[in-house]
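A.B. asks:
There are 2 protein chains.
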Amino acid sequence: MRDIAKAVGVEAPSLYNHIKSKQEILAELLMDIADEFITGMGEVERMDAKHQAKVEALIGLHVRISFIKRDAISLLTHDWRQLKEPTLTEFVQIRQDYEDRFLRIIKMGIEEDEFKDIHPDVALFSLLSTLRWLHVRYGKKDILSIEEMTLQLKRALMGGVLKN
Amino acid sequence: MRDIAKAVGVEAPSLYNHIKSKQEILAELLMDIADEFITGMGEVERMDAKHQAKVEALIGLHVRISFIKRDAISLLTHDWRQLKEPTLTEFVQIRQDYEDRFLRIIKMGIEEDEFKDIHPDVALFSLLSTLRWLHVRYGKKDILSIEEMTLQLKRALMGGVLKN
DNA sequence: CCTACCGATCGGTAGG
DNA sequence: CCTACCGATCGGTAGG
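Heads up: the protein sequence lines correspond to chains V and Y, in order. This note's numbering puts the first residue of the first sequence at 35, with every later residue one more than the last. This note's numbering puts the first residue of the second sequence at 35, with every later residue one more than the last.
#1: Does the segment 159–176 of chain V come within contact of the segment 158–170 of chain Y, defined as at least 3 CB pairs closer than 8 Å?
#2: Does any C-beta atom of chain Y lie closer than 7 Å to the C-beta of Leu192 of chain V?
#3: If you run the structure through DSSP and keep just helix, strand and coil, what is Leu178 of chain V?
#4: Measure the C-alpha to C-alpha separation of Ala190 of chain Y and Val156 of chain V and round it to an integer number of angstroms.
#5: Can you confirm whether Phe101 of chain V, when its beta carbon is compared against all beta carbons of chain Y, has any partner nearer than 7 Å?
#6: Buried or exposed: where does Gly76 of chain V fall if 16 or more other Cβ atoms within 10 Å of its Cβ makes it buried?
#7: Suppose contacts are defined by Cβ-Cβ distances below 7 Å. Is Gly194 of chain Y in contact with Gly94 of chain V by that definition?
#8: By the three-class DSSP mapping on this structure, what secondary structure does Leu95 of chain Y have?
#9: Which partner residues of Leu196 of chain V appear in the DSSP bridge assignment?
#10: Do Phe149 of chain V and Gly143 of chain V count as a contact pair if the criterion is CB distance below 7 Å?
#11: What are the boundary residues of the alpha helix (DSSP H) that includes Glu79 of chain Y?
#12: By the DSSP assignment, the alpha helix (DSSP H) with Val170 of chain Y in it spans what residues?
#13: For Asp155 of chain Y, verify whether its CB is less than 6 Å away from any heavy atom of the ligand SAH.
#14: In the structure shown, what three-state DSSP assignment does His85 of chain Y receive?
#15: Are the C-beta of Gln186 of chain Y and some C-beta of chain V separated by less than 7 Å?
#16: Measure from the C-beta of Leu196 of chain V to each C-beta in chain Y and report whether the shortest distance is under 7 Å.
#17: Report the neighbours of Trp114 of chain Y on chain V: residues whose CB is nearer than 9 Å to its CB, in chain order.
#18: Secondary structure at Leu117 of chain V, three-state DSSP: helix, strand or coil?
#19: I need the DSSP call for Leu38 of chain Y, collapsed to helix, strand or coil.
#20: Taking all protein chains shown into account, do 16 or more other C-beta atoms lie within 10 angstroms of the C-beta of Ile152 of chain Y, making it buried, or fewer, making it exposed?
#21: Could you tell me whether the Cβ of Val156 of chain Y comes closer than 7 Å to any Cβ of chain V?
#22: Go ahead and pull the three-state DSSP assignment for Lys141 of chain Y.
#23: Closest to Arg138 of chain V by C-alpha separation, out of V:His52, V:Arg36 and V:Lys88, would be which residue?
#24: Can you grab the Cα-Cα spacing for the pair Gln186 of chain Y / Lys56 of chain Y, in whole Å?
#25: What residues in the segment 80–91 of chain V bring their beta carbon closer than 8 Å to a beta carbon of chain Y?
#26: Please return the same chain residues whose Cβ sits closer than 6 Å to the Cβ of Ala68 of chain V, not counting the five positions on each side in sequence.
#27: Could you tell me the boundaries of the alpha helix (DSSP H) in which Ile107 of chain Y lies?
Next up, the structure:
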């Protein structure tokens with residue numbers, strides 16, 4: 035809080051004229067960014083397209099948000115653990131909802147023979163862990179543009195590394 | 035430190051008869067587990083095999099260590115940021131060394147036409163971010179055995195999700 | 001191995 | 001918006 039106050043140019047106690055608690059700031063930032071993902075997921079689900087295109091659209095969604103809101107993303111990946119009840123439970127439910135909907139797309143892709151017969155949870159886990167670490171990648175030097183990164187990730191994640 | 039003391043069954047100050055500082059515990063745990071990865075990498079590099087087999091062996095390495103040393107792995111992924119100098123620099127170098135050697139295998143696989151012509155850094159990033167989050171996956175209910183998980187991850191990461 | 005305790009940090013309140 | 005300050009926490013030391 036003292037750091038925030040310094041950045042804003044006031045004394046620490048003055049912050050409390052604008053906010054209720056440190057928790058409140060964290061919760062608000064987290065819910066905002068979580069909303070963007072949920073909204074994006076809704077748009078993808080309404081797409082009239084193959085499941086491959088939907089998963090690729092979700093890859094694009096993560097790349098875009100990770101690029102534009104680097105800092106908030108890092109909250110989403112790490113700092114949500116600092117939330118206290120009841121916000122923690124609320125957040126975990128939203129997150130679970132997102133994962134469930136992602137998983138459903140993968141399962142349908144497998145059923146309809148678009149995707150390989152791999153363990154759907156493992157596929158989801160593999161996709162999401164890469165997508166959730168993107169903000170770290172963007173912390174480094176050789177920055178790829180949003181378009182390049184999206185293209186490369188689609189190739190790597192959808193098609194794997196092996197030739198054939 | 036008070037939590038550790040309670041778990042061990044002594045008062046907090048008594049810990050300092052056995053250790054020098056909190057930092058020392060963290061550094062020691064981190065260096066131990068980092069060593070296991072560096073040793074594993076050395077063995078993989080000495081394999082007389084295709085680059086595909088080497089990457090698959092590294093997947094196996096991560097799955098095994100993540101399964102057996104869940105707690106230490108979480109230090110490696112998250113808590114190393116708490117290290118102070120000079121140990122921090124030392125750790126970052128070891129980590130960089132590991133990534134460089136992993137990257138070299140990927141690049142050689144691409145050169146020798148075993149792997150697709152994808153951006154090597156993106157491929158490494160994608161593989162490593164999945165492998166580094168494994169300990170979270172193991173925190174959940176439906177646990178796959180080491181063998182099953184290794185098999186599934188090889189398929190998902192090497193071959194991707196798409197049929198064909 | 002313990003008791004006693006320190007100094008720094010931190011989220012936050014009182015009162016103006 | 002500020003000054004003054006509290007109570008809890010935490011890594012660690014002194015001294016036995």
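Each residue gets a CB set at the ideal place from its N, CA and C atoms; glycine is no exception.
C.D. replies: The structure says:
#1: yes
#2: This sequence places Met at residue 192 of chain V; Leu is not what is there. Judged by the 7 Å Cβ criterion, Met192 of chain V is in contact with chain Y.
#3: coil
#4: 8 Å
#5: no
#6: exposed
#7: no
#8: helix
#9: Y:Phe149
#10: yes
#11: Lys56 to Glu79
#12: Leu168 to Arg171
#13: Of the ligands one can find in the structure shown there are none, so the ligand SAH has no counterpart to examine.
#14: helix
#15: yes
#16: yes
#17: Correct list: empty, because the minimum Cβ distance to chain V is about 13 Å.
#18: coil
#19: In the sequence on display, residue 38 of chain Y carries Ile and not Leu. Ile38 of chain Y: helix per DSSP, three-state reduction.
#20: buried
#21: yes
#22: helix
#23: V:Lys88
#24: 38 Å
#25: Gln86 and Val89
#26: Ile128
#27: Arg104 to Thr111
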